[in-house]
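Chemist:
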Amino acid sequence: MPFKVKLDPFNLKDPRNYRLYLSGIFAEVLTVFLLMGIGLLIVWAIPKLIP
Amino acid sequence: MIVRPRLADFKIIGLYCGKIIIGVGLLMVVPLVVSVLFGEWNPAIDFLLGIAVCLVFGLFTEVFCQTTRDLSWSHGLVVAGFSWILATAVGAIPHWLSGHFGSYLDAMFDIMSGYTTTGLYLLQDLDHISNGLNMWRHLLTYAGGQGIIVIALTFLIRGTAGAYKIYVGEGKDERLLPNVIQTARAIWLISLTYLVVGSAALWAVGMNIGQSPFRALFHAVWVFMGSWSTGGFAPQSYNILYYHSLAYEIICAVVFIVGSFNFALHWAVWTGKKSEIRKNIEIISFFITMTVAMLITTAGLAKLGVYPDIASSFRKIFFQVSSAHTTTGFGTIYSRTFVVQWGPLAMLGITLAMAIGASACSTAGGFKGIRMGLIFKSMLQSIRRLISPESAYVVKKWHHITSRVLDDAAVHSAMLIVIFYILTYAVGAIIGVFYGYEPVQALFDSVSAGSNTGLSCGVTSPAMPALLKIVYIVEMWAGRLEFMSLFALGGYIIALFRGR
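Quick note, the sequences are listed as chains D and Y, same order.
Note that the working numbering has the first sequence beginning at 1, numbered continuously upward.
Note that the working numbering has the second sequence beginning at 1001, numbered continuously upward.
1) Assess, as a yes-or-no matter, whether the region 1283-1290 of chain Y is touched by the region 1303-1316 of chain Y under the definition of 3 or more beta carbon pairs within less than 8 Å.
2) Considering Thr1402/Y, what are the terminal residues of the beta strand (DSSP E) in which it resides?
3) With a cut-off of 8 Å, do at least 3 Cβ pairs link the region 1325-1333 of chain Y to the region 1224-1234 of chain Y?
4) Drop a sphere of 10 angstroms on the beta-carbon of Met1379/Y, count the other beta-carbons inside from all chains shown, and report buried for 16 or more, exposed for fewer.
5) With C-beta atoms as the reference, is Ile1190/Y less than 9 Å away from Phe1263/Y?
6) Look at the alpha carbon of Thr1116/Y and the alpha carbon of Leu1086/Y, and state the distance between them as a whole number of angstroms.
7) Shorter than 9 Å from the beta carbon of Pro9/D to some beta carbon of chain Y?
8) Which whole runs of the alpha helix (DSSP H) in the region 1457-1486 of chain Y are 4 residues long or more, in chain order?
9) Is the region 1397-1415 of chain Y in contact with the region 1446-1463 of chain Y, if contact means three or more CB pairs nearer than 8 Å?
10) Have a look at Val1090/Y, Leu1120/Y, Gly1145/Y, Tyr1437/Y and flag the residue whose alpha-carbon is nearest the alpha-carbon of Ser1237/Y.
11) Give every residue of the same chain whose Cβ lies closer than 6 Å to the Cβ of Val1034/Y, excluding the five residues on either side of it in the sequence, and list them in chain order.
12) Go ahead and pull the three-state DSSP assignment for Lys1377/Y.
13) Starting from Val1197/Y, trace the alpha helix (DSSP H) in both directions and tell me its first and last residue.
14) Only counting the same chain, and skipping five residues up and downstream in sequence, which positions put a Cβ closer than 6 Å to that of Met1108/Y?
15) Per DSSP, what are the beta-bridge partners of Trp1342/Y in this structure?
16) For Gly39/D, return the contacting residues in chain Y, with the cut-off set at a CB-CB distance below 7 Å.
17) Are the CB atoms of Leu1374/Y and Leu1406/Y within a distance shorter than 9 Å?
18) Any beta-carbon of chain Y closer than 9 Å to the one on Pro47/D?
19) Quick one: is Ser1098/Y near chain D, going by C-beta distance under 9 Å?
20) Determine the contact status of Ala1449/Y and Tyr1472/Y, defining contact as a CB-CB distance below 9 Å.
21) How big is the Cα-Cα spacing for Glu1062/Y and Leu1139/Y?
22) Is there a Cβ from chain D that is less than 9 Å from the Cβ of Thr1310/Y?
23) If we call anything under 9 Å between Cβ atoms a contact, is Leu1481/Y one with Gly1081/Y?
24) Using DSSP's beta-bridge definition, name the partner residues of His1399/Y.
25) Taking all protein chains shown into account, decide if Ile11/D is buried (16 or more other Cβ within 10 angstroms of its Cβ) or exposed.
26) Pick from Ser1103/Y, Gly1365/Y, Leu1246/Y: whose alpha carbon is nearest that of Ser1451/Y?
27) So which residues of chain C does Val1258/Y contact, with C-beta pairs closer than 9 Å?
28) Met1290/Y versus chain D: which residues are under 9 Å apart at the beta carbon?
29) May I ask which residues mark the beginning and end of the alpha helix (DSSP H) holding Asn1134/Y?
30) Would you say Gly1102/Y lies against chain D (beta-carbon separation less than 9 Å)?
31) Compare the Cα-Cα distances from Gly1305/Y to each of Gly1018/Y, Lys1368/Y, Leu1007/Y, Gly1343/Y and report the closest residue.
32) Where do the ends of the alpha helix (DSSP H) carrying Ile1281/Y lie?
33) Does the structure place the region 1422-1436 of chain Y close enough to the region 1486-1499 of chain Y that three or more beta carbon pairs sit under 8 Å?
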């Protein structure tokens, strides 16, 4: 029966943890760039709506 | 009946406060080392004196307040509230001895601003202070962001069941892991990993814009500390405008926005639950309120035609609004630009962003996204109840790490804290108006202090009235600890006089 080995996130000797940290950082940074995209859209659209 | 605190209660409070002050003293070793490295002997002596006072106080409490009792809830809250005042008083020693402050009150203002990650400052001649003092300012804000109690929990307080009670008192009421000490370590793991990644990116950009490698490294670490802890202290008086670099601004914005996320969210994402980002009530709330603040600020600036093109508008507006909303306080415009160029509507957009703030259990201040989300969902639930048949049972769910059903107790508690924040903002604004400042400007700086943001439109300065400085110090303290510890401390003082 296949089973998943649970990582100990505090074990800094395990290289798989670094992959986990980096993918976490990547996901969070991507969220910020999405927010920047929304901001850019607002700054582009609003001056066109104001006479 | 109010029970008067006994000697045993004071002993336990004194013991834990002493441990936290020892922690502050140990923190001063870092700027001391920096001062010695740069051959800045006067600041080094200032830090040695500061360390000596902290250690003497800490050892005094270890000897005279020794007890085997564990903390109760009220003890934990009082320790959290009182230790911040003590840490501010002793942390101000090197600041005051540096000669850059007009009074001890000014030095305490800057220390409270640092611990609470506010970023307002009364320091004079910032561009010419020693490297040691600059390191102390930024270390304060970095340590304050994670929580000085968290530091003590990690390094000084071990194996106590009552530790969670002081941790909650500091405004962080979430356990990332079942054990509170493990939670504190998880917070440090996340913060230190980002410290390495973020500082490296800022260092590379710093060297690219012409700073020497050594200077670029120190600026990178300091600016990272100011960003990640949503603090707002910068090594130069022009703040981030000093660097004139788009790349520097983008990295700062990424760091302070990510820094404003809930540590529980970080931990969930870092341990593989990526979908938490799009489901989490705080992230959704942050995206909505950030959009509203951007709309108001952009409308104000577009009406006045302040910026000529989309690129410059976006660069200035997004940085200022996101800095305000995450309660960081970094700026790429001068303080008075808010008044003389941006105008009242854009200032109200920024004020709204500051008042709301970012996530709970993060380094940010303000109402917090989770409360805004809960109140908004409660409003929707009430409307649905009105339009549904009488027999219908309307259930609303919200998601933060796990899915939960919206209950009245959570909404009541969220609304209560938001009301306290509004009252705090109002008191500071009224006192500002009393001293002759324009209402919009008085509100702007009061909200900035109460929400631990640090943007100023010019009200905060060494020349401001002493009472207003004290009010802002109390606002910063109350806003950071989210009132609970403040009330516990007040209750203890009342019990001291009126208890039996």
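Quick reminder that beta carbons are idealized off the backbone N, C-alpha and C, glycines included.
Modeler: Per the coordinate set shown:
1) no
2) 1402-1405
3) yes
4) The residue is exposed, with fewer than 16 neighbouring Cβ atoms inside 10 Å.
5) yes
6) Between Thr1116/Y and Leu1086/Y, the C-alpha separation is close to 14 Å.
7) yes
8) If only uninterrupted alpha helix (DSSP H) runs of at least 4 residues are considered, those enclosed by the region 1457-1486 of chain Y are 1466-1481.
9) no
10) Measuring from the Cα of Ser1237/Y, the nearest candidate turns out to be Leu1120/Y.
11) Same-chain partners within the cutoff: Asn1131, Gly1132, Met1135.
12) helix
13) 1180-1208
14) Thr1088, Ala1092
15) Answer by DSSP bridge pairing: none, since Trp1342/Y is not bridged.
16) Met1294, Phe1314, Phe1318
17) yes
18) Output row for Pro47/D: interface = yes.
19) The Cβ of Ser1098/Y sits no closer than 9 Å to any Cβ of chain D.
20) yes
21) Taking the straight line joining both Cα atoms gives about 26 Å.
22) Contrary to the premise, residue 1310/Y reads as Ile rather than Thr in this sequence. At least one chain D Cβ lies under 9 Å of Ile1310/Y.
23) Yes, Cβ-Cβ distance for Leu1481/Y and Gly1081/Y is below 9 Å.
24) Ser1403/Y
25) According to the sequence as given, residue 11/D is Asn; it is not Ile. Exposed.
26) Gly1365/Y
27) Given the protein chain composition of this structure (D and Y), no chain C is represented.
28) Leu35, Ile38, Gly39
29) 1131-1146
30) No, because no Cβ of chain D sits closer than 9 Å to the Cβ of Gly1102/Y.
31) Gly1343/Y
32) Judged by DSSP secondary structure, Ile1281/Y falls within the alpha helix (DSSP H) whose first and last residues are 1281-1304.
33) no
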